[in-house]
Amino acid sequence: MAKENFSEKDQAQIVAAIQAAEKETSGEIRVHIESTVSVDPIERAKEVFFELGMHQTEQKNAVLIYLAFNDHKLAIIGDAGIHQKVGDDFWQAEKDLMVNHFKKNEYALGLSLAIEQVGEKLKVHFPYQKEDVNELSDTISFGGQHD
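Going by my numbering, the first residue of the sequence shown is number 322, and it counts up by one from there.
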């Protein structure tokens, strides 16, 4: 399992980034980390997206960052509501940002910075409303673990 690659401090940093980003938006952000992936990482990210119930957000504004740590593969996908607002170029820019940090073994920082930028886009297109509720867990999911 990939959890051993992230210290408690790293995990806390990533969760704090998710919580800070979500304070400004009705959007939802999740991070899922596995050791390896046997299929295309985008296809696996789509599976995880559904396994985590991310397709059920009211405004279709959930974003998943998926990482297969040992295989050095990642994907970032957004539900229809956010994807139509930002498009493929935005997702690619976030992947590039993470890869640049991952090459320096700055995994928590790379993830946190991408989360922050995703949060900024979500804030623009899906600003926080008083009646908003946190629809999805802010915790990192690892391997086949679901919460």
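Beta carbons are placed, not taken as given, at the ideal position from N, Cα and C, and that holds for glycine.
Bear in mind the structure is a predicted one, so any value in this text is a computation, not a measurement.
Cβ-Cβ separation, residue j to residue i (assumed contact under 8 Å), whole Å
i      : j      : result
Leu434 : Val352 : So it is not a contact: roughly 13 Å between Cβ atoms.
Val358 : Ala337 : Contact doesn't hold; Cβ gap of about 26 Å is too wide.
Glu415 : Val439 : 6 Å
Ala396 : Ala366 : 4 Å
8 Å Cβ cutoff met for residue i and residue j
i      : j      : result
Ala342 : Glu437 : yes
Identity of the residue in the options nearest residue i by Cα
i      : options                           : result
Glu452 : Lys344, Asp410 and Ala401         : Lys344
Gly402 : Lys381, Lys330 and Gln413         : Lys381
His422 : His393, Leu443, Gly408 and Pro448 : His393
Tyr449 : Ala323, Ser347, Ile339 and Lys324 : Ser347
Glu379 : Glu349, Val360 and Asn426         : Glu349
Ser458 : Gln377, Asp361 and Val360         : Gln377
C-beta neighbour in chain B for residue i, strict 8 Å
i      : result
Gln405 : The displayed structure is made up of one protein chain only, and chain B is not part of it.
Distance between residue j and residue i (C-alpha atoms, nearest Å)
i      : j      : result
Thr460 : Lys424 : 24 Å
Val384 : Ile398 : 6 Å
Asn470 : Phe371 : Because the chain here runs from 322 to 468, residue 470 falls outside it and cannot be looked at.
Phe327 : Glu441 : 25 Å
Lys330 : Glu355 : 18 Å
Phe463 : Met375 : 16 Å
Val369 : Ile339 : 18 Å
Glu427 : Glu325 : 15 Å
Ala323 : Lys444 : 30 Å
Trp412 : Tyr387 : 12 Å
Asp400 : Val420 : 22 Å
Asp361 : Ile335 : 24 Å
Val454 : His404 : 21 Å
Residues of its chain near residue i, where Cβ-Cβ distance is below 6 Å and the 5 sequence neighbours each way are ignored
i      : result
His446 : Lys406
Ile491 : Absent from the structure is residue 491, since the part of the chain shown begins at 322 and ends at 468.
Asp409 : none
Cβ neighbours of residue i in the same chain (closer than 7 Å, five flanking residues each side left out)
i      : result
His467 : For His467, the predicted model reports a pLDDT of 38, less than 50, meaning its position is unreliable; a value from the coordinates is still stated below. If we look at His467 and ignore the five residues flanking it on each side, its Cβ neighbours are Glu372 and Leu373.
Residues near residue i by beta carbon distance below 8 Å, same chain, minus five either side
i      : result
Leu418 : Gly431, Leu434, Ala435 and Gln438
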